[in-house]
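Notes for the one structure printed next.
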Amino acid sequence: MELFQYPYMQRALIGALVIGLAAPALGIYLVQRRLALIGDGVGHVALTGVGAGLLLNRSPVLVAVIAATIGAIAIEIVRARGRTSGDLALALLFYGGIAGGVLLVGLSDATSANLNAYLFGSLTTISPADLTTIAVLGAAILVTMIALRPALFAVSHDEEYARVSGLPVRTLNLLIAVATAVTVTIAMRAVGVLLISALMVVPVATAQQVTRGFRSTMAAAMALGLFAAGSGVWVAATADTAPGASVVLVAIASFLVVAVAGGVWRVVRRRTTPTAAPAPEPHEVVLS
1 MELFQYPYMQ RALIGALVIG LAAPALGIYL VQRRLALIGD GVGHVALTGV GAGLLLNRSP
61 VLVAVIAATI GAIAIEIVRA RGRTSGDLAL ALLFYGGIAG GVLLVGLSDA TSANLNAYLF
121 GSLTTISPAD LTTIAVLGAA ILVTMIALRP ALFAVSHDEE YARVSGLPVR TLNLLIAVAT
181 AVTVTIAMRA VGVLLISALM VVPVATAQQV TRGFRSTMAA AMALGLFAAG SGVWVAATAD
241 TAPGASVVLV AIASFLVVAV AGGVWRVVRR RTTPTAAPAP EPHEVVLS
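Those letters in the sequence shown? Residues 1 to 288, per UniProt numbering, in order.
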């Protein structure tokens, strides 16, 4: 725990906690919409923005926000118009985004270390300005996802019902797309573009095993995201491992523990619950 006396470790912990809280708050809507992998697609497009920023000597994070937002809106437009499946749109972003990012980074003067910092995260290099950006944007995502929960849930669960109810479906869909782009971008420094989708989805999948209602699932997912972020940073500090990978592995370990515990509980419950005795057969009545 002595490492957390240093300012850079304090910034790393605070940044991870903010992202660990905001990512599942958004991820629950993506899981509901069956777009659990959209974070990966948008992350690859953000990588193209990073490469463009490095090539043009501009802020990689700012250019990545713009690129990721355009990519997320493109996914939503393609999905809404139904010209191709959502899976195909994500696949195109996967391949095009990663190829464009590698190409642009190769054309710039950046080293492989610069690229790895965005691919896999670099929590310990977060500056005070980076932390301010993460905190402000993370808080905005969190407040938006909670304040608009009824409308966003309706759109994610059944678009036709939401449209009949008079909700601005297109605007809400675009809001989720932009929120995904922003979340992916601010999480680049924490867990990297290749791992951010896991932090959006895994806490939600874990919470769904022990909760029933949408509100309780959202609250549990956010709590699990906080736990994974804090524990992952602690593991990274004590074991000298990559912070981003440690956070994701803690989240996956939590999922496995809950899954195994839930399976054992169900088996024990079936064995201890007495089975209903069969109804007695009616006696024959002999009429004389």
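For every residue, glycine included, the Cβ atom is placed at its ideal position computed from N, Cα and C.
DSSP state of residue i mapped onto helix, strand, coil
i           : result
Met188      : coil
Phe120      : coil
residue 290 : This structure cannot settle anything about residue 290, because the visible part of the chain is limited to 1 through 288.
Gln209      : coil
Asn173      : helix
Gln36       : Gln is not the amino acid found at residue 36; the sequence shown has Ala there. Correct three-state label for Ala36: coil.
Ala223      : helix
Thr241      : coil
Leu92       : helix
Arg58       : coil
Ser260      : One detail in the question is off: residue 260 reads as Val in this sequence, not Ser. Three-state result, Val260: helix.
Leu17       : helix
Gly51       : helix
Thr273      : coil
Ser231      : helix
Gly166      : coil
Ser108      : coil
Leu142      : helix
Tyr29       : helix
Val193      : coil
Tyr161      : helix
Tyr6        : coil
Leu137      : helix
Cutoff 6 Å; reference residue i; Cβ partners in own chain excluding five residues on either side
i      : result
Leu104 : Gly51, Ala52, Leu55
Val65  : Thr185
Gly100 : Thr48
Ile196 : Gly39, Gly43, Val184, Ala187
Ile134 : Gly15, Val18, Ile186
Cβ neighbours of residue i in the same chain (closer than 8 Å, five flanking residues each side left out)
i      : result
Val210 : Ala220, Val258, Gly262
Val286 : Residue placement at Val286 cannot be trusted, given a pLDDT of 49 that sits under 50; what the coordinates show is reported in the next sentence. None.
Arg157 : Checking the sequence shown, residue 157 turns out to be His, not Arg. Cβ neighbours of His157 beyond the five flanking positions: Gln32.
Arg58  : Ala52
Burial state of residue i (16 or more Cβ within 10 Å)
i      : result
Asp40  : buried
Arg212 : exposed
Ala139 : exposed
Arg215 : exposed
Tyr161 : exposed
Ser231 : buried
Trp265 : exposed
Gly27  : buried
Val155 : buried
Ser254 : buried
Pro7   : exposed
Leu142 : buried
Arg11  : buried
Neighbourhood of residue i by C-beta distance below 7 Å, restricted to the same chain and skipping five residues each side
i      : result
Ala236 : Ala242, Pro243, Ser246
Ala207 : Thr217, Ala220, Ala221, Leu224
Leu167 : Ala151, Ala154, Val155
Proximity test, residue i beta-carbon vs the ligand PLP heavy atom, cut-off 7 Å
i      : result
Val260 : In the structure on display, the ligand PLP does not appear, and there are no ligands present to speak of.
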